Amino acid sequence: MTDAPAVARPSPIVTDDNQAFWEAARQGRLVTQRCHQCGRLQHPPRPMCPTCHSLEQDIIDLAGTGVVYSYSILHHPQHPSFEYPVIAALVDLDEGVRILSNLVDIPAGEVRIGMPVQVRFEPTRDDMAVPVFGPRDADR
Amino acid sequence: MSHPLAGSTAIVGIGQTEFSKAAGRSETQLASEAIVAALADAGLSTSDVDGLVSYTIDPVEETELARALGLEEIGFSSRVPYGGGGSQGVLLHAAAAVASGAASVVVAYRAIKARSGPRFGRAEVGGRPTSSHSGTTAMQWCSPFGVLTPASWMSLNATRYMHVYGVENADFGRAVVQFRAYAANNPNAHFYKKPITLEDHQASRWVAEPAIRLFDCCQETDGSVAVVITRADRARDSNRPVVIAAAAGAGLFEEEIASNHYRPNLEVMDGSVALARRLFDGFGFDRGDIDVAMIYDAFSPILLMQLEGLGFCGFGEAKDFIADGHLGLDGSLPCNTNGGLIGEGYIHGLNLTLEAVRQLRGDSVNQVESPTTALVSASRTGVILQRPR
């Protein structure tokens, strides 16, 4: 047996277009792009605003609260980097962008579409982090 | 004015290898074998071929294929993105090339070792932001969260669909039972002589709960298929041509392959709504014109979502449409009579095109009575094929 790495979750793939998002996540901040010219919010991040074609994108902090738009409890196939079942979710954030993530600290049988959730961060390999979602503080 | 692609080209030959779990030879060899078989069916030779079309994700390079087959001169080649969603786009490209005069005889092919080679259904943590230019840039937003397979991507859409319309996994299962019944009669199918009941389906293990069980998934398969396309007037000299009456594709903003997670309403497969607009409205067809349909079923939920998006029933009504038996041989829309990708095997959707040709030729093992018009839909690309008049 070899020692499993302390942090198993694979690190995100950083590109020129998404590095601002992942750098913020490493700092424990959930951010999105806001077009400097027309104010359109955009996730996943892209190099150009599809509405006005501006190349100036501001990075703004999000509240980190939203509701589950859809989910899936993943049983198979299994990858050694994750504990199963993995709960995948699409979260509609209060500001109006949607993000694909995981639900944590919520039993699989209790996951419902429309349930309120709040962001937290989990470490990945390479000293990075990803936003995941758990119950909202007020609901605990 | 009629559409310039309406009936101007035809499929004159189809060919394939055996479908298996381990082909034991290269994709280039598989494609070469399927193409030679398709050309023989067409009564043509490799010297007639001047065009090649495949998927962006196909591993067989045109240069290697030309060397293996001895193709002298290629005047046109292209590839279609979107993975299996682009599977009928190869016919759109081929028809457009032939109708425009860019090529005279085009071969569309797909060769895949989805079972013994790289499996879509295997969990792998990719080091790439995209999936080999197949149109899945969103993979980079999935893999750090363990969302690693097409089933896991698609299940997020399917769960939303079930929530909005009150659909249960057993509703998907009724389509699967029908496809497995068709496959049971098909000696070429993975599940030949292996029909299942709804209870069997419901007893199969969860892949992605609450949407997708094991039996809701297509069968990853090794093999190759090929289709030969030429001008409709030239096709009259061939053995048993099938006319390409309509061909279209639709790619939408924020839509990807199975992971179009950022469209506003995921319960609607609006790529299929757009495809239907181009295919039915654009070419002057009604849904009632379709005698038999092949509908891309990588996972059973997308079968229901396409039935609705294409307009064969209302939104949320596909479960009743299926329960009422419309997909059977006696139904209004016999569907995936080879067993589909779930029952026959997964040559990434292009094997559905071959079954549509067999139906129109009268060659299917589950033959519909004298069909004149067949639809093949791959959610965002599609064709309508017809028996010549």
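Going line by line, the protein sequences match chains D and F. Each residue of the first sequence is one higher than the last, beginning at 20 in the numbering used here. Each residue of the second sequence is one higher than the last, beginning at -9 in the numbering used here. C-beta atoms are modelled at their ideal positions from N, C-alpha and C, and glycine is treated no differently. These figures come from a predicted structure and were not determined experimentally.
In this structure, the alpha-carbon of residue 227 of chain F lies about 14 Å from that of residue 95 of chain F.
For residue 196 of chain F, DSSP records a beta bridge to F:203.
Taking CB atoms only, residue 72 of chain D has no neighbour in chain F less than 9 Å away. Within the segment 14 to 99 of chain F, the complete beta strand (DSSP E) runs of at least 3 residues fall at 41 to 45 and 66 to 70.
For secondary structure counted as the alpha helix (DSSP H) over 4 or more consecutive residues, the segment 290 to 377 of chain F holds these complete runs in sequence order: 290 to 299, 308 to 313, 330 to 333 and 340 to 351.
Contact between the segment 69 to 79 of chain F and the segment 225 to 242 of chain F is established, with three or more Cβ pairs separated by less than 8 Å.
As the crow flies, the alpha-carbon of residue 101 of chain F is around 52 Å from that of residue 156 of chain D. With respect to residue 112 of chain D, residue 81 of chain D sits close: the two C-beta atoms are nearer than 9 Å.
Only those residues of the segment 21 to 53 of chain D whose C-beta falls short of 8 Å from the nearest C-beta of chain F are listed: 28, 29, 30, 31, 32, 34 and 37. Listed by position along chain F, the residues whose Cβ is nearer than 7 Å to that of residue 122 of chain D form an empty set, because the closest Cβ is around 10 Å away. Under DSSP, residue 61 of chain D takes part in a beta bridge, and its partners are D:52.
Using a Cβ-Cβ cut-off of 9 Å, residue 93 of chain D counts as an interface residue toward chain F, since at least one Cβ of chain F sits closer than that to its own. Considered as a whole, the segment 239 to 273 of chain F harbours no complete run of any beta strand (DSSP E) with no fewer than 3 residues. If you ignore the 5 residues before and after residue 230 of chain F, its C-beta comes within less than 6 Å of the C-beta of 351, all in its own chain and listed in chain order. Judged by DSSP in its simplified three-state form, residue 137 of chain D adopts strand.
What residue 136 of chain D touches in chain F, judged by beta-carbon distance under 8 Å, is nothing: the nearest beta carbon there is about 14 Å away.
Residue pairing by DSSP places residue 147 of chain D opposite D:143 in a beta bridge. Separation of residue 12 of chain F and residue 197 of chain F (C-alpha to C-alpha, rounded to the nearest whole angstrom) is 23 Å. Closest in C-alpha terms to residue 325 of chain F, from the list F:14, F:341, F:281 and F:199, comes F:281. Annotation for residue 142 of chain F: the continuous alpha helix (DSSP H) segment containing it runs 140 to 155. Taking a Cβ-Cβ cut-off of 7 Å, the neighbours of residue 132 of chain F in chain D comprise 119, given in sequence order. Counting of Cβ neighbours within 10 angstroms places residue 262 of chain F among the buried residues, the total reaching 16 or more.
For residue 143 of chain D, the chain F residues whose C-beta falls within less than 9 Å of its own C-beta are 134, listed in chain order. Neighbours of residue 132 of chain D in chain F, taken as residues at a C-beta separation under 8 Å, are given in chain order as 149, 150 and 153. Comparing alpha carbon positions, the residue from F:180, F:166, F:18 and F:89 closest to residue 336 of chain F is F:180. Put simply, of F:165, F:224 and F:362 the residue whose alpha carbon is nearest the alpha carbon of residue 33 of chain F is F:224. Taking a C-beta distance under 9 Å as the contact criterion, residue 331 of chain F and residue 288 of chain F qualify as a contact pair. Annotated three-state conformation of residue 217 of chain F is strand, per DSSP.
By a beta-carbon distance limit of 8 Å, residue 232 of chain F does not contact residue 222 of chain F. Their separation comes to about 10 Å. Closer than 7 Å at the C-beta level to chain F, one finds these residues of the segment 94 to 108 of chain D: 94, 95, 96, 97, 98, 100, 101, 105 and 107. Inter-segment contact for the segment 48 to 68 of chain F and the segment 115 to 135 of chain D is absent: fewer than three beta-carbon pairs are separated by less than 8 Å. Residue-level contact check: residue 82 of chain D does not touch chain F, since none of the beta carbons of chain F fall below 9 Å from its beta carbon. DSSP, read as helix, strand or coil, puts residue 97 of chain D in coil. Considering only beta carbons, the part of the segment 54 to 67 of chain D lying closer than 9 Å to chain F consists of 62 and 63, in chain order. By DSSP's assignment, residue 132 of chain D forms no beta bridge with any residue. Of the residues assessed, residue 257 of chain F falls on the buried side of the cut-off, its CB having 16 or more other CB atoms within 10 angstroms.
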